[in-house]
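For reference, the structure discussed in these notes is given below.
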Ligand code: ATP
């Protein structure tokens, strides 16, 4: 896949400027809780796209989960912190938690690109299940314009076909050019599964890093109200 990475050197920005902050991946999510499915796609995208850093961005109020009960942002952020603490390339970014209202990726990207990561090349990492929803996101063209690449990571049960990509490219011109389906190791794990297992007292070990398991148990998270 190095050809992919080479081919994907940022072309829309000044290369000399990019070198100061490198290539940054962003992985947004509810992370309620974070699990190995998230960590494995972050690691795989970082390796395949030669990312210097991956920012984990817990959603403040996910637009697609309005009306659902979500664990407080500070708690979800703490679990992310615990999960990524041993990986120097991973970092937590809390900007969506401090912003009122629903979290829109187009705004998050704008904030990041006009702040400390001004000169970076930007790559959005998403699970294959989210790909079909992209046209429904707020200002998808604005998102595409701000990105150097979208890493669409394989997820069990969600095939990424050339037909799907062609259709998406028709809906969102320019998307095909920056879209990279990446065949990461596929883990059939979801935050829903962890919440349900926690509520039933089933083990969470090996589904998320041990410090996250310990935190969930110590805080008594997900003991009720798991159905969302
Ligand atoms: P929930 O079960 O609560 O809907 P989730 O497990 O899908 O949550 P999110 O925090 O909503 O987790 O996901 C954040 C991002 O990670 C999304 O882009 C999602 O597609 C991706 N993702 C989550 N789990 C996996 C997985 N097992 N494999 C690949 N991608 C994943």
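In the numbering used here, the protein residues as written are 310 to 537.
Even glycine gets a Cβ: it sits at the ideal position worked out from N, Cα and C.
Per-residue burial, residue i [other beta carbons within 10 Å of its own, 16 or more giving buried]
| i | result |
| --- | --- |
| residue 517 | buried |
| residue 536 | Because residue 536 carries a pLDDT of 43, less than 50, the predicted location of this residue cannot be relied on, and the following value inherits that uncertainty. Residue 536 comes out exposed. |
| residue 533 | exposed |
| residue 353 | buried |
| residue 515 | exposed |
| residue 447 | exposed |
| residue 388 | buried |
| residue 341 | buried |
| residue 424 | exposed |
| residue 417 | buried |
| residue 441 | exposed |
| residue 511 | exposed |
Same chain, Cβ closer than 7 Å to residue i, neighbours up to 5 away in sequence not counted
| i | result |
| --- | --- |
| residue 453 | 481, 483, 484 and 487 |
| residue 386 | 367, 401, 403 and 406 |
| residue 252 | As displayed, the chain neither begins before 310 nor continues past 537, which places residue 252 out of reach and without an answer. |
| residue 437 | 461, 462, 463, 464, 467 and 469 |
| residue 439 | none |
| residue 408 | 369 |
Cβ-heavy atom distance, residue i to the ligand ATP, below 7 Å
| i | result |
| --- | --- |
| residue 380 | no |
| residue 364 | no |
| residue 348 | no |
| residue 412 | no |
| residue 417 | no |
| residue 500 | yes |
| residue 442 | no |
| residue 451 | no |
| residue 369 | no |
| residue 420 | no |
| residue 464 | yes |
| residue 340 | yes |
| residue 435 | yes |
| residue 438 | yes |
| residue 336 | yes |
One or two residues paired with residue i in a DSSP bridge
| i | result |
| --- | --- |
| residue 462 | 436 and 491 |
| residue 517 | 514 |
| residue 400 | 364 |
| residue 430 | 332 |
| residue 286 | Examination of residue 286 is not possible in this model, given that the chain is present from 310 through 537 alone. |
Own chain, CB closer than 6 Å to residue i, minus 5 neighbours either side, in chain order
| i | result |
| --- | --- |
| residue 433 | 335, 456 and 459 |
| residue 520 | 391 |
Proximity winner among the options, relative to residue i (alpha-carbon distances)
| i | options | result |
| --- | --- | --- |
| residue 413 | 445, 429, 441 and 427 | 445 |
| residue 489 | 382, 463 and 507 | 463 |
| residue 370 | 362, 361, 363 and 380 | 380 |
| residue 497 | 347, 337 and 338 | 347 |
| residue 398 | 362, 426, 409 and 419 | 362 |
| residue 492 | 465, 504 and 479 | 465 |
| residue 501 | 343, 333 and 360 | 343 |
| residue 474 | 365, 443, 355 and 396 | 443 |
| residue 505 | 494, 525 and 495 | 525 |
| residue 364 | 338, 415 and 450 | 338 |
| residue 449 | 512, 478 and 471 | 478 |
is_contact[residue i, chain D] using C-beta, thresh 8 Å
| i | result |
| --- | --- |
| residue 402 | Annotation note: the requested chain D is absent from the structure, which comprises a single protein chain. |
Proximal residues to residue i (C-beta, below 8 Å), its chain only, five neighbours per side dropped
| i | result |
| --- | --- |
| residue 422 | 429, 431 and 455 |
| residue 384 | 528 and 530 |
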